[in-house]
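Asks: These protein sequences, in sequence, are chains S and R.
Residue 147 in my numbering is what sits at position 39 of the first sequence, and the numbering runs on without skipping anything.
Residue 38 in my numbering is what sits at position 5 of the second sequence, and the numbering runs on without skipping anything.
Idealized CB from N, CA, C, for every residue including glycine.
As the structure is a computational prediction, the values presented were derived from the model and not from experiment.
Mind looking over this structure? Questions follow.
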Amino acid sequence: MQGDVTVDRDSTGTLFRAAVDGETAAWKSLVEGLSPLVWSVVRAHGLRDADAQEVYQTTWFRLAQNLARIREPDRVGAWLASTARNECVKVIRTARRVSPSDDPEVFDRAADGRTPEQAVVDAEEASMERERMRAMWQAFQELGENCRRLLRLLMASPPVSYQEVSATLGIAVGSIGPIRQRCLRRLRVLLTERGFR
Amino acid sequence: MSDDALEAELRRAVELFDPVPSELLQVAVEAYALRALDAELAELVFDSLSGPSRVRGDRAPRMLTFQVAELTVDLEVTVTADGGRVVGQLMPPGPAEVEVLGHRPVTLATDELGRFVYDDVPAGPFSLRCHLAGATVVTEWITV
Chain S
109 MQGDVTVDRD
119 STGTLFRAAV
129 DGETAAWKSL
139 VEGLSPLVWS
149 VVRAHGLRDA
159 DAQEVYQTTW
169 FRLAQNLARI
179 REPDRVGAWL
189 ASTARNECVK
199 VIRTARRVSP
209 SDDPEVFDRA
219 ADGRTPEQAV
229 VDAEEASMER
239 ERMRAMWQAF
249 QELGENCRRL
259 LRLLMASPPV
269 SYQEVSATLG
279 IAVGSIGPIR
289 QRCLRRLRVL
299 LTERGFR
Chain R
34 MSDDALEAEL
44 RRAVELFDPV
54 PSELLQVAVE
64 AYALRALDAE
74 LAELVFDSLS
84 GPSRVRGDRA
94 PRMLTFQVAE
104 LTVDLEVTVT
114 ADGGRVVGQL
124 MPPGPAEVEV
134 LGHRPVTLAT
144 DELGRFVYDD
154 VPAGPFSLRC
164 HLAGATVVTE
174 WITV
């Protein structure tokens, strides 16, 4: 579903300007194209499902409200990412919430549940490939919290900048590459342990 | 397998097992129709949750100020188990109608001094649309 719409920076700017001018279809395309990015940023903060969903909604409501005020339409993806990050930080600081690392639910979601997307895969792809994706997801969830957060953020589509990664995770831009390599190395080991290579 | 190839596979796994929930996509699409074209936007100019991080376990209410031109909206949000209690004050003081936008929309009237209380705000996106004499002002969205 999400693979159908890819939004590069040029078309983002074009879609954004059309949305400012009142074109509902352009807004819908923006939402479809940039939602995976917002979702990745929210997920990288390790929020509970309910909190993640609230932040996602607030982020899009804010964009709709600020349409006429965004000065750089080509950078609306970056605007969404930093808005989502700021909201995540506030939600984490709200006294009601437990600290994310105390919350066992965080990365349990959908590990064994069958999503509609997966049903499509079931029909279209060989079972070996399916098993491999499941093993990949399970291996990912066995990584330490820091690796999960970094890799989840790097999975954003369209991608977030290293500056945004740095701001989100509090690590230096120069450290992102080496940490990514180390995390992927661990992922590879976990995958091998499951009989995949 | 190279790092890039491994990452590409992980990206596919993430898309399969942790996609954006489709009902959320719909909410974001609908946000466009709900945006207020007729109202002035009061920007969030102060939020006690911004800035240096607070002491853990600090239960002090969250303080927020929204501002547009000469109007300010001060809010105090006390967190509850599943939402919050909001105490508000419009400045300059005066009677107004306040629409609470979000998961459970409701309309409140302020008192003569521009004060209002809403005890039962559900957790989630929150914004106020204030109908004043001669103007409508909407506050930036926050997450309660």
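For the segment 70-85 of chain R, enumerate the residues whose C-beta is nearer than 8 Å to any C-beta of chain S, in chain order.
Replies: If the cut-off is 8 Å between Cβ atoms, the segment 70-85 of chain R has L74, D80, L82, S83 near chain S.
Asks: So which residues of chain R does Y164 (chain S) contact, with C-beta pairs closer than 9 Å?
Replies: By Cβ distance, chain R contributes V53, P54, L57, V60, A61.
Asks: What is the rounded straight-line gap between the Cα of R118 (chain R) and the Cα of E237 (chain S)?
Replies: Their Cα atoms are separated by approximately 50 Å.
Asks: So is R68 (chain R) in contact with chain S if we call contact Cβ pairs under 8 Å?
Replies: Yes, because at least one Cβ of chain S sits closer than 8 Å to the Cβ of R68 (chain R).
Asks: Count the other CB atoms, across all protein chains shown, that sit within 10 Å of the CB of E213 (chain S); report buried if there are 16 or more and exposed otherwise.
Replies: Annotation note: pLDDT 41 at E213 (chain S) (below 50); position unreliable, coordinate value reported separately. When all chains shown are included, E213 (chain S) counts as exposed.
Asks: Below 7 Å CB to CB, which residues in the same chain sit around V281 (chain S) once its five sequence neighbours on both sides are set aside?
Replies: Y270, Q271, S274.
Asks: Just list the residues that DSSP pairs I200 (chain S) with in beta bridges.
Replies: DSSP lists no partner for I200 (chain S).
Asks: Using 10 angstroms around the beta-carbon of F23 (chain R), count the other beta-carbons present and answer buried if the total reaches 16, otherwise exposed.
Replies: Nothing about residue 23 (chain R) can be reported from this structure: the residues present for chain R run from 34 to 177 only.
Asks: From the DSSP output, read off the bridge partner residues of R203 (chain R).
Replies: In the structure displayed, chain R extends from 34 to 177; residue 203 (chain R) sits before or after that span and is not available.
Asks: Going by beta carbon distance, what residues of the same chain come within less than 7 Å of A152 (chain S), once the five residues before and after it are set aside?
Replies: R257, R260, L261, T276, listed in sequence order.
Asks: Report the option in S:G130, S:E131, S:A133, S:G141 whose CA atom is closest to the CA atom of T120 (chain S).
Replies: Cα-wise, what sits closest to T120 (chain S) is S:G141.
Asks: Between which residues of its own chain and A142 (chain R) is the CB-CB distance below 8 Å, once the five residues before and five after are set aside?
Replies: So the list reads P128, A129, E130, V131, F149, once near-sequence residues are dropped.
Asks: In angstroms with no decimal places, state the Cα-to-Cα distance between A102 (chain R) and R162 (chain R).
Replies: Taking the straight line from one Cα to the other gives about 16 Å.
Asks: With three or more C-beta pairs closer than 8 Å as the rule, is the segment 187-194 of chain S touching the segment 149-165 of chain S?
Replies: Judged by Cβ distances under 8 Å, the segment 149-165 of chain S makes contact with the segment 187-194 of chain S, as three or more pairs qualify.
Asks: Would you mind telling me which residues of chain R sit closer than 9 Å to T132 (chain S), beta carbon to beta carbon, in chain order?
Replies: By Cβ distance, chain R contributes V62, Y65, A66.
Asks: Name, going along the chain, the residues of the segment 152-168 of chain R whose beta-carbon falls closer than 9 Å to a beta-carbon of chain S.
Replies: Cβ contacts with chain S come from A156, G157, P158, F159, S160.
Asks: Return the chain-ordered list of same chain residues with a C-beta closer than 6 Å to the C-beta of S137 (chain S), the five sequence neighbours on each side being excluded.
Replies: Only L123 meet the Cβ criterion.
Asks: Measure from the C-beta of P286 (chain S) to each C-beta in chain R and report whether the shortest distance is under 8 Å.
Replies: Chain R, which has no Cβ nearer than 8 Å to the Cβ of P286 (chain S), makes this no.
Asks: Run through chain S and tell me which residues come within less than 8 Å of A38 (chain R), C-beta to C-beta.
Replies: In chain order: nothing, as chain S lies at least about 10 Å away.
Asks: Could you check the C-alpha separation between R179 (chain S) and L77 (chain R) for me, to the nearest Å?
Replies: One C-alpha to the other measures close to 18 Å.
Asks: Between which two residues does the alpha helix (DSSP H) containing F99 (chain R) stretch?
Replies: Careful: F99 (chain R) lies outside any alpha helix (DSSP H), inside the beta strand (DSSP E) at 95-101.
Asks: In the segment 277-303 of chain S, which residue ranges form an unbroken alpha helix (DSSP H) of at least 4 residues, counting only runs that do not cross its ends?
Replies: Whole alpha helix (DSSP H) segments, 4+ residues: 281-301.
Asks: Helix, strand or coil, according to DSSP, for G185 (chain S) in the structure here?
Replies: Helix at G185 (chain S).
Asks: If you pair each beta-carbon of the segment 248-256 of chain S with each one of the segment 167-174 of chain S, do three or more pairs fall below 8 Å?
Replies: No: fewer than three Cβ pairs fall under 8 Å.
Asks: Kindly indicate if chain S contains any beta-carbon less than 8 Å away from that of E109 (chain R).
Replies: False, the Cβ-Cβ gap to chain S never drops below 8 Å.
Asks: What does W168 (chain S) touch in chain R if you count any residue whose Cβ is under 8 Å from its own?
Replies: Going along chain R in sequence order, the residues near W168 (chain S) (Cβ under 8 Å) are V60, A61, A64.
Asks: Please tell me whether P144 (chain S) has its Cβ less than 8 Å away from any Cβ of chain R.
Replies: Judged by the 8 Å Cβ criterion, P144 (chain S) is in contact with chain R.
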